[in-house]
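Chemist: First, the structure itself, so that you have it in front of you.
Below, the structure written as structure tokens:
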């Protein structure tokens, strides 16, 4: 019988791709072997790495995006949505079913690489490099898949038929996700020359191993996120505990960094007194919140459903319907509160962190208010107004004020610049104003629904 | 019969365009309902909302008591849907397409094998089962799409323009298939522009216009028997080619005359007018020197068709 995995194998034209992905790689490496005087040497090693990146990353990302775009081109997406398939089986079937031949080609390339490097590197280093390559391939595929699912989810939230998707954009994002780990591999011919490292919960760990572990962490959660996103697209009930567990694991990982790599020293200079776990958690959670604000579908229906859940349902129902940006903000407040109690940071650090919380709260409420005000004829707020608002608030406005000599005003509008009680007061004032704006929009929404119902 | 589908104030818009506005209706289980309306009336949007493919608000659409918005997965297990755009994998064979459809809709290997065989027979696809779906003509592809929608025997089946692209013989087979499926217990909702075939198997009709429900009733009450201002006329002419040509010209120019059919010296037509109008028509024929031997009501084919009723409800003159 034809299940999803077998269908993807058939659609992927395995026989033809075996020749392209497996045959070509094997052929080219055989030529290199001949050029290297019938041995695996420098030339073979270089070509093998390049072929792996070309076949597994570039071609693989393209094939992964094909698994979803094909469903729309063949008008089968709605059919799949109505089916009884589980989200997880759909995810792994699509990821593996279409890319099986590129992994075959990649395996050939990595085998040639291993033989070539065996003369120069110890087995442990070779294992790390090979695992890093594989991790780079996997994260490219999984992130490409996840971003494509996110794009579908946003369009579906509007009720539109899925039109053309920017496949190239999605594939570029997937490739960018592999950049950190790839840059480590390509920084030098041998991992032994990389001296950079970090201290994590008291252990010194070499940078390549750190990046590999972080990449594996990212892959795990990207896979889980893909399955959760697929569940949403298939209209399964959301699994409410996954996001809080992700935030906790993210905080635990980030909190362990007592030092940063030399290449990231700039981030450390942002914090007087040096970087600490609480700083990194603040930065990390803030980044997650702003990404969610830009890309999580949010509109009047979502806010109305949220208000209804808050007023009448159980905690689990509330968690299932709470936007992730709100959950992350609450989590951020909780983690920071605990850290402030137990770690006793400096006054300067405390002010900075409090400012960050206030401004993030302001921005979240501002976006929710805009979602109600601007969504008269849309179901969800587009990402563009949010991105423009954030760029204005944090870059254009402080820069412009600084240019015209009004830097003191910039300290009242941005936690990056401001650092004193005036900035705190200003932040509280802005938060109050935006809260009033957001609740006003909710009242307008409720009144318009009442008058519409009465009109009927 | 129980109510299988209940809609209460369904509205939906695409941006500024309102596709559905306050639709409320009930469908009984076991019926075959025709959904008719002009292009852009909201038929496809209604079907997609019913099957849970659109983001609608809660407690507006229920299927067998289950709210589509809050429990779409449970609803999906009960429904099959044929969209207006053909959906299949061109590079897979017909049999593989159906096997996949059966598998992902929860049938076991053995059940799927049996269901695929039965469905191939029902849709007359057995001879094409090993052909790549993409290599077949439009009509065969339509059959594949229909087959995919019914292979798992859903309780409620929504079909959006199922007869598009089918030849008359295939459309007749399809009508028989729908009757068969209904007799086997399936509830059907069918939208189509081919009104003549709908009345062969539908027992209930819903009419949409500009996103609003303008009519919903049993089909027997929808069609009018022998309305006083609609009658079938039979005109016998002398065996004179010129007379016949003149008569046909006059009748075709008269807006009260439709469905004009001519064989040898006999002209039959559907006349929308009173007796006085009929008298004027005959006077015009005589004035044009048409040799009329006899003229009167044709007592064969008295019933108003669904097509006529549709146009009558739209206050339009039926096209010739």
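Protein chains in written order, with the UniProt record's numbering: chain A, 1 to 456; chain B, 1 to 320. For each residue, glycine too, the CB sits at the ideal point set by N, CA and C.
What does residue 79 of chain B touch in chain A if you count any residue whose Cβ is under 9 Å from its own?
Modeler: Ordered by position in chain A, the residues that pass the 9 Å Cβ test against residue 79 of chain B are 82.
Chemist: Can you pull the chain A neighbours of residue 87 of chain B, defined as C-beta to C-beta under 8 Å?
Modeler: Chain A residues near residue 87 of chain B: 74, 75, 76, 78 and 79.
Chemist: So for residue 140 of chain A, helix, strand or coil by DSSP?
Modeler: Residue 140 of chain A falls in the helix class under three-state DSSP.
Chemist: Where are the alpha helix (DSSP H) runs, 4 residues long or more, that stay fully inside the stretch 311 to 375 of chain A, in chain order?
Modeler: Listed in chain order, the complete alpha helix (DSSP H) runs (minimum 4 residues) inside the stretch 311 to 375 of chain A are 315 to 321, 324 to 343 and 347 to 374.
Chemist: Please list the partners that residue 193 of chain B has in chain A, where partner means a Cβ-to-Cβ separation under 8 Å.
Modeler: Going along chain A, no residue has its Cβ under 8 Å from residue 193 of chain B, so there is no contact; the nearest lies around 20 Å.
Chemist: Grab the span of the beta strand (DSSP E) containing residue 203 of chain A for me, first residue to last.
Modeler: Taken as a continuous stretch (DSSP letters only), the beta strand (DSSP E) holding residue 203 of chain A covers 203 to 206.
Chemist: Within 10 angstroms of its Cβ, does residue 440 of chain A collect 16 or more other Cβ (buried), or is it exposed?
Modeler: Exposed, by the Cβ-count rule.
Chemist: Which residue or residues does DSSP assign as beta-bridge partners of residue 34 of chain B?
Modeler: Looking at the DSSP assignment, residue 34 of chain B forms a beta bridge with B:190 and B:205.
Chemist: Taking the beta carbon of residue 339 of chain A as the centre, do at least 16 other beta carbons fall within 10 Å, making it buried, or is it exposed?
Modeler: That one is buried.
Chemist: Residue range of the beta strand (DSSP E) that residue 263 of chain B falls in?
Modeler: Unbroken beta strand (DSSP E) run through residue 263 of chain B: 257 to 263.
Chemist: Measuring only the C-alpha atoms, how far is residue 123 of chain B from residue 77 of chain A?
Modeler: Distance between the alpha carbons of residue 123 of chain B and residue 77 of chain A: 23 Å.
Chemist: So who's on the other strand from residue 200 of chain A, going by DSSP bridges?
Modeler: Residue 200 of chain A is bridged to A:203 and A:257.
Chemist: Judging by CA-CA distance, which residue of A:392, A:393, A:360 and A:389 is the nearest neighbour of residue 435 of chain A?
Modeler: For residue 435 of chain A, the nearest C-alpha among the options comes from A:360.
Chemist: So with CB distances below 7 Å, who are the chain B contacts of residue 2 of chain A?
Modeler: The answer, in chain order, is 96, 99, 100 and 103.
Chemist: Would residue 222 of chain A pass as a contact of residue 288 of chain A if the rule is Cβ separation under 8 Å?
Modeler: Contact flag unset, no.
Chemist: Taking 8 Å as the threshold (beta carbon to beta carbon), is residue 269 of chain B in contact with chain A?
Modeler: Chain A, which has no Cβ nearer than 8 Å to the Cβ of residue 269 of chain B, makes this no.
Chemist: If we ignore side chains and look at the alpha-carbon of each, how far apart do residue 66 of chain A and residue 364 of chain A end up?
Modeler: Approximately 35 Å, taken between the alpha carbons.
Chemist: Find the nearest neighbour of residue 144 of chain B within the set B:108, B:100, B:187 and B:172, judged by alpha-carbon distance.
Modeler: Checking every option, the nearest Cα to that of residue 144 of chain B belongs to B:100.
Chemist: Under 8 Å, CB to CB, which of the residues in the stretch 131 to 157 of chain B have a partner in chain A?
Modeler: Answer in chain order: 148.
Chemist: If we count the other Cβ atoms within 10 Å of its Cβ and call it buried at 16 or more, is residue 455 of chain A buried or exposed?
Modeler: The pLDDT assigned to residue 455 of chain A is 43, lower than 50, so where the model puts this residue is not dependable; a value taken from the coordinates is nonetheless given after this. With fewer than 16 other Cβ atoms within 10 Å, it is exposed.
Chemist: Starting from residue 157 of chain A, find everything on chain B with Cβ-Cβ shorter than 9 Å and list it in chain order.
Modeler: 55, listed in chain order.
Chemist: If distances are taken between C-alpha atoms only, which option among B:162, B:93, B:24 and B:85 comes closest to residue 59 of chain B?
Modeler: Checked all of B:162, B:93, B:24 and B:85; the closest Cα to residue 59 of chain B is B:24.
Chemist: Distance, Cα to Cα, residue 60 of chain A vs residue 52 of chain A?
Modeler: Cα-Cα distance, rounded: 10 Å.
Chemist: What distance in whole Å lies between the Cβ atoms of residue 35 of chain B and residue 208 of chain B, which are believed to be in contact at a cut-off of 8 Å?
Modeler: Indeed they touch by this definition, with Cβ atoms about 7 Å apart.
Chemist: Pull the bridge partners of residue 270 of chain B from the DSSP assignment, please.
Modeler: According to DSSP, residue 270 of chain B bridges with B:232 and B:258.
Chemist: For the stretch 72 to 82 of chain B against the stretch 78 to 95 of chain A, do three or more pairs of beta-carbon atoms, one drawn from each stretch, fall closer than 8 Å, so that the two count as touching?
Modeler: Contact between the stretch 72 to 82 of chain B and the stretch 78 to 95 of chain A is present, because at least three Cβ pairs lie under 8 Å.
Chemist: By alpha-carbon positions, which one of B:40, B:33 and B:6 ends up nearest to residue 14 of chain B?
Modeler: The shortest Cα separation from residue 14 of chain B among B:40, B:33 and B:6 belongs to B:40.
Chemist: Output, in chain order, the set of chain B residues within a Cβ distance shorter than 9 Å of residue 236 of chain A.
Modeler: Per Cβ cutoff of 9 Å: 72 and 73.
Chemist: Output, in chain order, the set of chain B residues within a Cβ distance shorter than 8 Å of residue 301 of chain A.
Modeler: 55 and 57, listed in chain order.
Chemist: With a threshold of 8 Å between beta carbons, is residue 91 of chain B in contact with chain A?
Modeler: Yes, residue 91 of chain B lies at the interface with chain A (some Cβ there is under 8 Å from its Cβ).
Chemist: Mind reading off the beta-carbon distance from residue 69 of chain B to residue 42 of chain B? Whole number of angstroms is fine, and I expect it under 8 Å.
Modeler: Actually they are not in contact, since the Cβ atoms of residue 69 of chain B and residue 42 of chain B sit about 18 Å apart, beyond 8 Å.
Chemist: Exposed or buried, which one is residue 202 of chain B when buried takes at least 16 other CB atoms within 10 Å?
Modeler: That one is buried.
Chemist: What residue from A:256, A:56 and A:185 has the CA that sits closest to residue 106 of chain A's CA?
Modeler: Residue A:56 is the option with its Cα nearest to residue 106 of chain A.
Chemist: Classify residue 89 of chain B as buried or exposed, calling it buried when 16 or more other Cβ atoms lie within 10 Å of its own Cβ.
Modeler: With 16 or more other Cβ atoms within 10 Å, it is buried.
Chemist: When you compare the CB positions of residue 54 of chain A and residue 135 of chain A, do they come within less than 8 Å of one another, or not?
Modeler: For residue 54 of chain A and residue 135 of chain A, no; Cβs fall outside 8 Å.
Chemist: Do the stretch 32 to 41 of chain A and the stretch 121 to 132 of chain A make contact, defined as three or more Cβ pairs closer than 8 Å?
Modeler: These segments do not touch.
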